[in-house]
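Numbering (mature numbering (1 follows the signal peptide of the UniProt record, and there is no 0)), first residue to last: -20 to -1, 1 to 416.
Read through the structure below, which is laid out as structure tokens, and then see the notes.
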């Protein structure tokens, strides 16, 4: 009996080890880190499994990184430069909590997490955060300031509790902080943070084409596409209160966030690569328009996202407040189903019949797929005029629709311009399209 028992224990142990080695998901990663054993969280080295993966991908230990956030999927990706200077994902994390809904941060207190392109310097690392460790997102950047957007202390931090931030678990932020620290030690002066509402695929763009933030997202997609084509963080500038990417000056002038764009052009090699990419995208977009014809995506509220992961809070501290993803809590439905749902919510709130449907119901789909595709094309850098942005509306889970005004720029937001808003003269090492 003793030998049989020992054999069974041996088999059980073998299965346990095999299970632990089958993947590198966040649950197993987190379980493998005992924070009580971490003596110096600021200098805690990356786990050996990540170092081994970096070696496998030919990534120097201290090579540059880029951080990409995808709200709807609830993902934070760390991309790292290989020896050939092209970036590849080295680690993807599930975001534990983010507040608000899809869409950019507009004003202080709106609980929205930033969307856009941000430059993170060593000064943005906060080893003394009350949320274990933190990295300031750099909000508001030049684009945000030029458009009068306000807010402060928007972070990537631990503790899994968010009000306008991207909150991770302490175990996750320990690794993310280490990635950034090592890259800065290797000589990187600014880490690019790309924060998107979702992966900007053709299907996702079609699914969200009736969102009031769609024009803003089309602008972000230009930068998204540049990165997808080059696998190098794009050079980001702001002029005419809009983002422009990988643009070369063709005459006198400089980029000024609030002024007219100077003479500029896209390098020919990059233009050719983007043109090829867009042809494939156009085909996928038309298929997506047909696929989602007559369909509406219901975007869930923060409360609805929290509800789908309520079981994760059991037995945890009250401050621990995970949120599910928009994909978990949202729903694709027919226009008839959407209208019926809105009518029931209005009835429950004793709303007039047309109060909500006028703003929440999807726009008519009278245009053909080709016409919709032409209307939804992403803006080009050569555009010289920018239409005034529409005031966004937000519909709550209870059926209430409110407007989110865009406030005037707050001159007291900073005593002095933050580091990330200064123009960088040095050409990034990844700007290989330049003919200079």
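Glycine is no exception: its CB is placed at the ideal position from the N, C-alpha and C atoms.
Predicted model only: the values in this text are computed from it and were never measured.
Nearest-angstrom Cα distance between residue 346 and residue 265? Looking up residue 346 in the chain shown gives position 366. Looking up residue 265 in the chain shown gives position 285. Because residue 346 sits at a pLDDT of 36, beneath the cut-off of 50, its placement in the model cannot be relied upon, and the point is left open.
Rounded separation between residue 152 and residue 281 - CA only: By one-based count along the chain shown, residue 152 stands at place 172. By one-based count along the chain shown, residue 281 stands at place 301. Going by the C-alpha atoms only, they are around 25 Å apart.
First and last residue of the uninterrupted alpha helix (DSSP H) at residue 216: The residue labelled residue 216 in the question sits at position 236 within the chain shown. That residue, residue 216, is in no alpha helix (DSSP H); its beta strand (DSSP E) goes 216 to 219.
Please classify residue 37: does DSSP put it in a helix, a strand, or coil? Counting from 1 along the chain shown, the entry for residue 37 is found at position 57. If DSSP states are grouped into helix, strand and coil, residue 37 belongs with coil.
Compute the distance between the beta-carbons of residue 118 and residue 98, then report whether it is under 8 Å. Here residue 118 refers to the residue found at position 138 of the chain shown. Here residue 98 refers to the residue found at position 118 of the chain shown. A contact, by the Cβ cut-off of 8 Å.
Residues that residue 99 bridges to, as DSSP identifies them: Locating residue 99 in the chain shown gives position 119, counting from the first residue. For residue 99, which the question treats as bridged, DSSP gives the partners 172.
Report yes if the CB atom of residue 146 is closer than 8 Å to the CB atom of residue 56, and no otherwise. By 1-based counting over the chain shown, the position of residue 146 is 166. By 1-based counting over the chain shown, the position of residue 56 is 76. Contact flag set, yes.
Below 8 Å CB to CB, which residues in the same chain sit around residue 314 once its five sequence neighbours on both sides are set aside? In the chain shown, residue 314 corresponds to position 334, counting from 1. Hits under 8 Å: 274, 275 and 276.
Which one of 236, 51, 161 and 309 has the shortest CA to CA distance from residue 122? On the chain shown, position 142 is the one that residue 122 refers to. Of the listed residues, the one whose Cα sits closest to residue 122 is 236.
Residue 164: first and last residue of the uninterrupted alpha helix (DSSP H) it sits in: For the purposes of this step, residue 164 is taken as residue 184 along the chain shown, with counting starting at 1. It spans 150 to 165 - the alpha helix (DSSP H) in which residue 164 sits, taken as one unbroken run.
Go ahead and label residue 154 buried or exposed: buried means 16 or more other beta carbons lie within 10 angstroms of its beta carbon, across all protein chains shown. Within the chain shown, residue 154 is the residue found at index 174, counting from 1. So residue 154 ends up on the buried side.
By DSSP, does residue 417 sit in helix, in strand, or in coil? This structure leaves residue 417 out entirely; the chain is present only between -20 and 416.
Does residue 38 pass the burial test, meaning 16 or more other C-beta atoms within 10 Å, or should it be called exposed? Reading the chain shown from its first residue, position 58 is the one you call residue 38. Under this definition residue 38 is an exposed residue.
Taking the Cβ atom as the reference point for each residue, do residue 232 and residue 224 lie within a distance shorter than 8 Å? Walking along the chain shown from the start, residue 232 turns up at place 252. Walking along the chain shown from the start, residue 224 turns up at place 244. No.
Coil, strand or helix - residue 222 by DSSP: Within the chain shown, numbered from 1, the residue matching residue 222 stands at position 242. Here residue 222 sits in strand by DSSP.
Which one of 127, 69 and 173 has the shortest CA to CA distance from residue 215? As a position in the chain shown, residue 215 is number 235, starting the count at 1. Per the Cα distances, 173.
Could you check which residue in 177, 182 and 187 has the C-alpha nearest to that of residue 197? Taking the first residue of the chain shown as 1, we reach residue 197 at position 217. Nearest option by C-alpha distance: 177.
Shortest alpha-carbon distance to residue 41 belongs to which of 17, 25, 148 and 21? The count along the chain shown starts at 1 and reaches residue 41 at position 61. Residue 41 has its Cα closest to that of 25, out of 17, 25, 148 and 21.
CA-to-CA distance, residue 234 to residue 188, given in whole angstroms: Stepping through the chain shown from its first residue, residue 188 is reached at position 208. Stepping through the chain shown from its first residue, residue 234 is reached at position 254. Cα to Cα, the separation comes out at about 35 Å.
State the CB to CB distance for the pair residue 115 and residue 160, rounded to an integer number of angstroms; the pair is presumed to be in contact (CB under 8 Å). Within the chain shown, residue 115 is the residue found at index 135, counting from 1. Within the chain shown, residue 160 is the residue found at index 180, counting from 1. Yes, they are in contact, since the Cβ atoms of residue 115 and residue 160 sit about 6 Å apart, within 8 Å.
I want to know whether the region 282 to 294 touches the region 193 to 207 - three or more CB-CB distances under 8 Å. no
As a quick exercise: from 162, 163, 142 and 130, pick the residue whose alpha carbon is nearest that of residue 110. The residue given as residue 110 occupies position 130 in the chain shown. Of the candidates 162, 163, 142 and 130, the one whose C-alpha sits nearest the C-alpha of residue 110 is 142.
Do you know how far the Cα of residue 321 is from the Cα of residue 14? Your numbering for residue 14 matches position 34 in the chain shown. Your numbering for residue 321 matches position 341 in the chain shown. In a straight line, the C-alpha of residue 14 is about 46 Å away from that of residue 321.
Quick one: give me the first and last residue of the beta strand (DSSP E) that residue 314 is part of. On the chain shown, position 334 is the one that residue 314 refers to. Where residue 314 is concerned, the enclosing beta strand (DSSP E) stretches over 311 to 314.
Those residues which DSSP pairs with residue 227 across a bridge: On the chain shown, residue 227 is found 247 positions in, with the first residue counted as 1. Per DSSP, none; premise fails for residue 227.
Going by DSSP in three states, residue 382 sits in which element: helix, strand or coil? Locating residue 382 in the chain shown gives position 402, where the first residue counts as 1. Any reading at residue 382 is ruled out, since the residue's pLDDT is 42, under 50, leaving its predicted position unreliable.
Measure the alpha-carbon distance for residue 318 versus residue 326 and round it to whole angstroms. Your numbering for residue 318 matches position 338 in the chain shown. Your numbering for residue 326 matches position 346 in the chain shown. Cα-Cα distance, rounded: 12 Å.
Would you kindly report the start and end of the unbroken beta strand (DSSP E) that includes residue 237? Numbered from 1 along the chain shown, position 257 holds the residue referred to as residue 237. Premise fails: residue 237 is in no beta strand (DSSP E) and is neither H nor E.
Which stretch, first to last residue, makes up the alpha helix (DSSP H) that contains residue 184? Stepping through the chain shown from its first residue, residue 184 is reached at position 204. Looking at the DSSP string, the run of the alpha helix (DSSP H) that includes residue 184 is 182 to 187.
Bridge-paired residues (DSSP) for residue 135: Taking the chain shown and counting its residues from 1, one reaches residue 135 at position 155. Answer is 116.
Whole beta strand (DSSP E) runs in the region 271 to 331 with 3 or more residues, listed along the chain? 275 to 278 and 311 to 314
Who are the Cβ neighbours of residue 272 in its own chain at under 7 Å, not counting the five residues just before and after it? As a first step, residue 272 is located in the chain shown; it is residue number 292 there, counting from the start. 186 and 187, listed in sequence order.
Residue from 96, 100, 31 and 126 whose Cα sits closest to the Cα of residue 239: For the purposes of this step, residue 239 is identified with residue 259 of the chain shown, where counting begins at 1. Taking only the C-alpha atoms, the option nearest residue 239 is 126.
Three-state secondary structure assigned by DSSP to residue 74: Residue mapping note: residue 74 aligns to position 94 of the chain shown, counting from 1. The answer is strand: DSSP assigns residue 74 an E or B state.
State whether the region 68 to 80 contacts the region 293 to 304, with contact taken as three or more CB pairs (one from each stretch) at a distance under 8 Å. yes
N-terminal and C-terminal residue of the beta strand (DSSP E) that residue 48 is part of: Locating residue 48 in the chain shown gives position 68, counting from the first residue. From DSSP, the beta strand (DSSP E) with residue 48 extends over 45 to 50.
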